[in-house]
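**Student:** From first to last, the protein sequence lines stand for chains R, B, Z and X. Take the first sequence: its letter number 19 is residue 19 in full-length UniProt numbering, and every next letter is one higher. Take the second sequence: its letter number 76 is residue 76 in full-length UniProt numbering, and every next letter is one higher. Take the third sequence: its letter number 152 is residue 152 in full-length UniProt numbering, and every next letter is one higher. Take the fourth sequence: its letter number 98 is residue 98 in full-length UniProt numbering, and every next letter is one higher.
Number of protein chains: 4
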Amino acid sequence: MFDLNNCLILCRIIDLGIMELSEKQLHIIKVTEELFAKNGFDGTSVRMIAKTANINIAMISYYFGSKEKLLETIVNYRISNFKIEIDQVISDGTSYLNKVDSIIAIIIKRIHKGRRIQKLVHFEFSRENPKIDFSNYLKQKEENLELFRTLIEAGQKEGIFSKDVNIELIIPTILGSYFNLYYNKKIYSKVHGLFKEEDFDQFVFTTLTQHIQRTIKAILTYEE
Amino acid sequence: MFDLNNCLILCRIIDLGIMELSEKQLHIIKVTEELFAKNGFDGTSVRMIAKTANINIAMISYYFGSKEKLLETIVNYRISNFKIEIDQVISDGTSYLNKVDSIIAIIIKRIHKGRRIQKLVHFEFSRENPKIDFSNYLKQKEENLELFRTLIEAGQKEGIFSKDVNIELIIPTILGSYFNLYYNKKIYSKVHGLFKEEDFDQFVFTTLTQHIQRTIKAILTYEE
Amino acid sequence: MFDLNNCLILCRIIDLGIMELSEKQLHIIKVTEELFAKNGFDGTSVRMIAKTANINIAMISYYFGSKEKLLETIVNYRISNFKIEIDQVISDGTSYLNKVDSIIAIIIKRIHKGRRIQKLVHFEFSRENPKIDFSNYLKQKEENLELFRTLIEAGQKEGIFSKDVNIELIIPTILGSYFNLYYNKKIYSKVHGLFKEEDFDQFVFTTLTQHIQRTIKAILTYEE
Amino acid sequence: MFDLNNCLILCRIIDLGIMELSEKQLHIIKVTEELFAKNGFDGTSVRMIAKTANINIAMISYYFGSKEKLLETIVNYRISNFKIEIDQVISDGTSYLNKVDSIIAIIIKRIHKGRRIQKLVHFEFSRENPKIDFSNYLKQKEENLELFRTLIEAGQKEGIFSKDVNIELIIPTILGSYFNLYYNKKIYSKVHGLFKEEDFDQFVFTTLTQHIQRTIKAILTYEE
DNA sequence: TATGAATGAGACTTCATTCAT
DNA sequence: GATGAATGAAGTCTCATTCAT
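See below:
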């Protein structure tokens, strides 16, 4: 019924300890995710959610405890899937530059899929007093960063990557390139003539991905 | 009283046609800007604004018409100042690479100063049905993009910059690198040991700026 | 519990399509009706309604959607009952003059019962930009006018009623006589010594009704 | 500048004791009159008045004391002009039936001219607790009624008018016929094909006036 | 005389949640 | 397990009036 990879979800659920989601809960999550992305957390009312999901208004409190807990559930549910499959890329036999290309392609695919909730996370996470607990998100991010650092440092040791590069800032450059495009989609769609949703998706997976790959490879090999 | 460059504001005002802001209005704007950045638009109530600004709650409507009009005023007020002074950089006698460095430094300074309202703009502007009129913001963005494109194309003609680069995607890479760092400030502050506000500011103006400068120069000169 | 003829209401409801009123809703309607009559639409606050009806202030929106929708509901509810039972009067065996007498008596009873909301309708309906949808009211009015016209024209054909009479203006004369008395009740109560509410009711059903009956019969048989 | 008969106004002003209206006040009155007619008393804000009259919002309180006092001033100003010139009609040499015709024509002209404020008076005066003092209006009404009664009784003595007629109810029939048409203007304009404002005016002064004249004459001479 | 900034009160509506069923 | 009626709190905005200028 949903385009969610149930297997992964279950893995993740185990990792978090509890969390068992019924089909109805998943339905609510999916609907809410879109509404949150459209209107933000405060801009989305439980009324709206209930109506869109075609459920009783009391169900949100009933199933998730509160609106905030619902957000937390969604974030944990979605963000967690963000863990990139770098391991297998790292252990394949290709060159370091190819590895970087592959990882970037994977990252872009991931964040494009989860862009809606990521947007909300960007917003909520950067607040002084976030409404929800982002410890899971944080842990995930740090893990990914570590994996990436390991790869780059290995490349540096082999003399393939420049040592002047600030590794910690590469991830922001990758993700930021995507998100800044996404946040200014209206402008760039016009500039690049992307009138349909599919056009934008296509653009992201080809032109943007190539640009970022090129950028990162350039920076990794650049010597002043 | 405020850290606003009044001269520039007035210039901009002329450009916009009207807009005369009293000191009280400026005070409200400043307070609101912070609250919006902290809590978002929907998360900030006029009650909150009035209380923080120590004014009567009716003053918001009185001065700005409505909460949304207030946001619009703030955006026009802030975003407009975003027009970069590329012209003089372009016309100075330095090399193209130096020009790029200078422009990036200017951009970073600008967006760091306006980051709070930019965050809100990112959020509201990328919605399907934005609450406010962003035509001014859009115009500004497109203008800036054009200026930048002109510079790069000139450099390409002179054989200094690679022709493989996707010029339209450079701006997202610059801005995105900054904003992704900002949106994940909590993570990167920890990673880079930036515990005080000033530390982060300093980091942005030195390490991050250098990283971005290096990145853009790399991409502009990269040949596969 | 209420003086409402539930049977008729239900009939009307079927005619309108939907509309199911709970007892609580009926209670609110009744209270509101009086307040609207006393203070007008704009002069009545939902606060006032809630307090008088002894309900939570949010119930008005909850049940009716908005204050205006509440008015609309009341009007549809009341006005609809205005459909006169002329048919049976027309088909009884009495003389045309008797029929006119009966119909006038029925009309006066009806409008006296619904005078409060009628007053509001007079006011709102005659505005340039009415706040509510009066299509139902309009339809009802036109229907009634048509029924009346049919009767008079039949009487004219039989040579009983004068042909000089302006049929469309008879209804305004009937209703207007009542309402002008009602709107100037304070004056006429004094003139006719009607000090109690019941005295006025009595006066309406006897003296005023006779006056109107006499008036209409006079005009229908008058030959210059 | 205004279509007001200043002479009469001054006479009336003397009658009321005080009241001196500057041109600006008259301007406000005129504007307010229309707004009150359009939106009712509670539906009209001083803001609206100030804006429409192109004056400062504080002027209303400044000139008239309060919004309610403004209404009172308008009513006294307008209603007072309602005093009909029956005297000269009574003393002219024509027949009683002609006198009635003339008086009705005068009345219709008067109330059509003052219909807007009359509507408001109908509404406010019939409230249990009117917001303003209507003693002047009341006095005027009673005077007029007395004049009319005198005429009819004289006609009855001469054997021209029936003695069965309820004199006090004739005025409501006259005024009511007009106002019920006016309050349902939307319906009757359609029925009579009166699409332009002038058409309606014309209809009032010809067809409606004739109908009422005919009606009153009929009732005055009707013998069962 | 005339202004407009400023205010406290109150307008209508929607909020997230609870609780009896 | 699930509902929906009901609620108190808070949302934004407009109200008529005042007061210093």
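Just so you know, even glycine gets a beta-carbon here, dropped at the ideal spot from N, CA and C.
(1) Give me the Cα-Cα distance between B:Val75 and R:Asn144, rounded to the nearest whole angstrom.
(2) For Z:Arg127, return the contacting residues in chain X, with the cut-off set at a CB-CB distance below 9 Å.
(3) Can you name the residues of chain X whose CB is closer than 9 Å to the CB of Z:Arg214?
(4) Between the beta-carbon of B:Ala53 and the beta-carbon of B:Ile28, is there less than 8 Å?
(5) Using 8 Å as the Cβ pair cut-off and three pairs as the minimum, do the region 148-158 of chain R and the region 98-108 of chain B touch?
(6) Given a limit of 9 Å on CB to CB distance, which residues of the region 170-200 of chain B reach chain R?
(7) Would you grab the beta carbon distance between Z:Glu168 and X:His112 for me? Rounded to a whole angstrom, and I think it's under 8 Å.
(8) Checking 8 Å against the spacing of the C-beta atoms, do Z:Leu208 and Z:Leu175 come in under that value?
(9) Use the C-beta contact count for Z:Tyr77: other C-beta atoms within 10 angstroms, 16 or more gives buried, fewer gives exposed.
(10) Say whether chain R places a C-beta atom closer than 8 Å to the C-beta of B:Thr207.
(11) At a Cβ threshold of 8 Å, is R:Lys141 touching chain B?
(12) I'd like to know whether the C-beta atoms of R:Arg116 and R:Ala37 end up nearer to each other than 8 Å.
(13) Considering only residues of the region 94-169 of chain Z, which uninterrupted alpha helix (DSSP H) runs meet the minimum length of 4 residues and lie entirely inside it, listed in chain order?
(14) Residues of chain X with CB closer than 9 Å to the CB of Z:Lys119, please, in chain order.
(15) Can you tell me the Cβ-Cβ gap for X:Leu97 and X:Lys217, rounded? I've got them flagged as a contact below 8 Å.
(16) Alpha carbon to alpha carbon, how far is R:Asp164 from R:Glu198?
(17) Checking 8 Å against the spacing of the C-beta atoms, do Z:Leu194 and Z:Phe203 come in under that value?
(18) I want to verify the contact list: residues of chain Z whose CB lies under 8 Å from the CB of X:Leu138, in sequence order.
(19) Rounded to a whole number of angstroms, what is the C-alpha to C-alpha distance between R:Ile219 and B:Ile219?
(20) Taking Z:Ile90 and Z:Leu151 to be in contact with their CB atoms under 8 Å, please state how far apart those CB atoms are, rounded to whole angstroms.
(21) Roughly how many whole angstroms lie between the Cα atoms of X:Met48 and X:Asn39?
(22) Name the chain R residues whose beta carbon is nearer than 7 Å to that of B:His211?
(23) Ignoring anything shorter than 4 residues, give me the alpha helix (DSSP H) runs that lie fully in the region 30-93 of chain B, in order along the chain.
(24) Per DSSP, what kind of secondary structure is X:Leu26 in: helix, strand or coil?
(25) Tell me which same chain residues have a C-beta within less than 8 Å of the C-beta of B:Ile103, skipping the five on either side of it?
(26) Just to confirm the assignment, what range does the alpha helix (DSSP H) spanning Z:Thr215 have?
(27) Give the secondary structure of Z:Asn184 by DSSP, where H, G and I count as helix, E and B as strand, and everything else as coil.
(28) How would you call B:Thr94, buried or exposed, if buried means at least 16 neighbouring beta carbons within 10 angstroms?
(29) Look up Z:Glu198 in the DSSP assignment and say whether it is helix, strand or coil.
(30) Taking only three categories from DSSP, how would you classify residue 236 of chain Z?
(31) Can the beta-carbon of Z:Phe200 be found less than 8 Å from the beta-carbon of Z:Ser189?
(32) Any idea what DSSP makes of R:Leu175, helix, strand or coil?
(33) Distance cutoff 8 Å, beta carbons only. Does B:Ile132 sit that close to anything in chain R?
**Tutor:** The structure says:
(1) As a first step, residue 75 of chain B must be located in the second sequence, where it is residue number 75. As a first step, residue 144 of chain R must be located in the first sequence, where it is residue number 144. Whole-angstrom Cα-Cα distance: 35 Å.
(2) Numbered from 1 along the third sequence, position 127 holds the residue referred to as residue 127 of chain Z. Per Cβ cutoff of 9 Å: Ala37, Lys38, Asn39, Gly40, Gly43.
(3) Here residue 214 of chain Z refers to the residue found at position 214 of the third sequence. By Cβ distance, chain X contributes Asp164, Val165, Asn166, Ile219, Tyr222, Glu224.
(4) To locate residue 53 of chain B, count along the second sequence from 1; it is residue 53. To locate residue 28 of chain B, count along the second sequence from 1; it is residue 28. One thing to note: B:Ala53 has its Cβ within 8 Å of the Cβ of B:Ile28.
(5) Flag = no, the region 148-158 of chain R and the region 98-108 of chain B do not touch.
(6) For the region 170-200 of chain B, which is checked against every Cβ of chain R, the residues closer than 9 Å are Ile170, Ile171, Pro172, Thr173, Ile174, Leu175, Gly176, Ser177, Tyr178, Phe179, Asn180, Leu181, Tyr182, Tyr183, Asn184, Lys185, Lys186, Ile187, Tyr188, Lys190, Val191, His192.
(7) By 1-based counting over the third sequence, the position of residue 168 of chain Z is 168. By 1-based counting over the fourth sequence, the position of residue 112 of chain X is 112. Cβ atoms of Z:Glu168 and X:His112 stay farther apart than 8 Å, at about 18 Å.
(8) What you label residue 208 of chain Z is simply residue 208 of the third sequence in a count that begins at 1. What you label residue 175 of chain Z is simply residue 175 of the third sequence in a count that begins at 1. Contact flag unset, no.
(9) Here the question's residue 77 of chain Z lines up with position 77 in the third sequence. Burial call: buried.
(10) Against the second sequence, residue 207 of chain B aligns to sequence position 207. At least one C-beta of chain R is nearer than 8 Å to the C-beta of B:Thr207.
(11) Here residue 141 of chain R refers to the residue found at position 141 when the first sequence is read from its first residue. For R:Lys141, the answer is yes, since a Cβ of chain B falls inside 8 Å of its Cβ.
(12) Locating residue 116 of chain R in the first sequence gives position 116, counting from the first residue. Locating residue 37 of chain R in the first sequence gives position 37, counting from the first residue. Yes, the Cβ-Cβ distance between R:Arg116 and R:Ala37 is below 8 Å.
(13) 96-113, 115-125, 135-157
(14) Position 119 of the third sequence holds residue 119 of chain Z. Ordered by position in chain X, the residues that pass the 9 Å Cβ test against Z:Lys119 are His122, Phe123, Ser126.
(15) To locate residue 97 of chain X, count along the fourth sequence from 1; it is residue 97. To locate residue 217 of chain X, count along the fourth sequence from 1; it is residue 217. The Cβ separation is near 6 Å, so the contact holds.
(16) Locating residue 164 of chain R in the first sequence gives position 164, counting from the first residue. Locating residue 198 of chain R in the first sequence gives position 198, counting from the first residue. Computed Cα separation, rounded: 39 Å.
(17) In the third sequence, residue 194 of chain Z corresponds to position 194, counting from 1. In the third sequence, residue 203 of chain Z corresponds to position 203, counting from 1. Contact flag set, yes.
(18) Start at 1 with the first residue of the fourth sequence, and residue 138 of chain X comes out as number 138. Those are Lys186, Ile187, listed as they occur along chain Z.
(19) Taking the first residue of the first sequence as position 1, residue 219 of chain R is located at position 219. Taking the first residue of the second sequence as position 1, residue 219 of chain B is located at position 219. R:Ile219 and B:Ile219: Cα-Cα distance of roughly 7 Å.
(20) The residue labelled residue 90 of chain Z in the question sits at position 90 within the third sequence. The residue labelled residue 151 of chain Z in the question sits at position 151 within the third sequence. That belief holds up - the Cβ atoms of Z:Ile90 and Z:Leu151 are roughly 6 Å apart, short of 8 Å.
(21) Taking the fourth sequence and counting its residues from 1, one reaches residue 48 of chain X at position 48. Taking the fourth sequence and counting its residues from 1, one reaches residue 39 of chain X at position 39. Their backbone Cα atoms lie some 11 Å apart in a straight line.
(22) The residue you call residue 211 of chain B lines up with position 211 of the second sequence. Ordered by position in chain R, the residues that pass the 7 Å Cβ test against B:His211 are Asn166, Leu169.
(23) 46-53, 58-64, 67-80, 86-91
(24) If you number the fourth sequence from 1, residue 26 of chain X lands on position 26. Three-state result, X:Leu26: helix.
(25) The residue given as residue 103 of chain B occupies position 103 in the second sequence. Excluding sequence neighbours, B:Ile103 sits near Ile84, Ile86, Val89, Phe148, Leu151.
(26) In the third sequence, the residue the question calls residue 215 of chain Z occupies position 215. Where Z:Thr215 is concerned, the enclosing alpha helix (DSSP H) stretches over 209-221.
(27) Residue numbering aside, residue 184 of chain Z sits at position 184 when the third sequence is read from its first letter. Of the three classes helix, strand and coil, the one that applies to Z:Asn184 here is coil, per DSSP.
(28) As a working note, residue 94 of chain B is residue 94 in the second sequence. It is exposed - the Cβ of B:Thr94 has fewer than 16 other Cβ atoms within 10 Å.
(29) For the purposes of this step, residue 198 of chain Z is taken as residue 198 along the third sequence, with counting starting at 1. Three-state result, Z:Glu198: helix.
(30) Lying before the first or after the last residue shown, residue 236 of chain Z is absent from chain Z, which here runs from 1 to 224.
(31) Residue 200 of chain Z sits at position 200 when you count from the first residue of the third sequence. Residue 189 of chain Z sits at position 189 when you count from the first residue of the third sequence. A contact, by the Cβ cut-off of 8 Å.
(32) As a working note, residue 175 of chain R is residue 175 in the first sequence. Helix at R:Leu175.
(33) Position 132 of the second sequence, counted from the start, is the residue given in the question as residue 132 of chain B. No, B:Ile132 does not count as interfacial toward chain R.
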